[in-house]
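Taking UniProt numbering, the leading residue of the sequence shown gets 1, the next gets one more, and so forth. Backbone N, C-alpha and C define an ideal beta-carbon position, used for all residues, glycine too. Beneath this line is the structure, given in structure tokens, with notes to follow.
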Amino acid sequence: MGNRGDLHAPDGSYGGKLSARDAWISCLLIHQSGRKITFERPGRYYPLFFLDEAVAMAVGHRPCGECRAEMLDEFKGAWKRALGLPASRFVSARQMDEVLRQPPTAQVEFDLSAMPVAQLPDGTFVDVEGHGACLFWGGSLLPWHWHGYESPILFSKSARHRVLTPASMVRVLANGYRPVVHHSVVSWCTALKAGNDLLA
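Spelled out as structure tokens, the structure:
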């Protein structure tokens, strides 16, 4: 689940206007403490539901510091490695949020368009003509769908597609952060490996 602050209109429906909230976060549906999570909280936040964390990262959401503290620590570690900072350097969530809230075009610190798909880190989304948003994972491209990821598509390892995941997030992924992905990703990758083992 994602949170971008209170997006409610006066009548309680979706207002269609971004909140002034600085933090765009991804949360658990069930709190680690077992405490019930209330999804509708006008004045606090409007729930946004993602298929998985890779999708959340593609739209600029980092792990929540309350319900996903361990994942946030891992995210921070990858963030610091991406910037060449020592592990001991303190980086606040607010510092990261200031970057993540910038438009994707303002985050380009290296040219993703010149990078072949096969060189992108797992967890990156690209736009493939005829298939839409596809997740790169384990050497495969899996088209996104509401119900999960569809069967991997054939692609050239040297192909270049428009990268949908913000550059700052791609750098985090490239420096070791592993997002939680939908179970269909594991299923497809397992099936592909089994097929390759049979052909070997």
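Compute the distance between the beta-carbons of residue i and residue j, then report whether it is under 9 angstroms.
i           : j    : result
P166        : G65  : no
P160        : P116 : Note that residue 160 is Arg in the sequence shown here, rather than Pro. The answer is yes: Cβ separation under 9 angstroms.
R62         : A23  : yes
P152        : L164 : no
E70         : Y177 : no
residue 203 : L112 : Summary: the structure shown does not reach residue 203, with the chain confined to residues 1 through 200, and so no result is reported for it.
Going straight from the alpha carbon of residue i to that of residue j, what length do you get?
i    : j    : result
V126 : A87  : 30 angstroms
V128 : P179 : 21 angstroms
L154 : F90  : 43 angstroms
F50  : G84  : 31 angstroms
K193 : R81  : 31 angstroms
M169 : R162 : 15 angstroms
S156 : C189 : 18 angstroms
S92  : Q102 : 17 angstroms
A191 : L29  : 28 angstroms
Q107 : G132 : Legend: pLDDT at Q107 = 48, less than 50; position of this residue unreliable, no value from coordinates given.
E130 : K76  : In the sequence under discussion, the amino acid at residue 130 is Gly, which differs from the Glu named in the question. So the alpha carbons of these two residues sit roughly 35 angstroms apart.
As a quick exercise: from the options, pick the residue whose alpha carbon is nearest that of residue i.
i    : options                : result
R68  : C27, F50, V55          : C27
A56  : F155, C189, H182, A191 : H182
D97  : W188, I25, K193, W146  : I25
A54  : G77, L72, F136         : F136
L72  : L51, R94, L83          : R94
G139 : S158, V99, R101        : S158
S187 : E150, L173, I30, M169  : E150
H145 : T190, I30, L48, V185   : V185
H147 : S92, D52, L48          : D52
Below 8 angstroms on the Cβ atoms is my contact criterion, and I expect residue i with residue j to pass it. Report the Cβ-Cβ distance as a whole number of Å.
i    : j    : result
N175 : A78  : 4 angstroms
T124 : L173 : 6 angstroms
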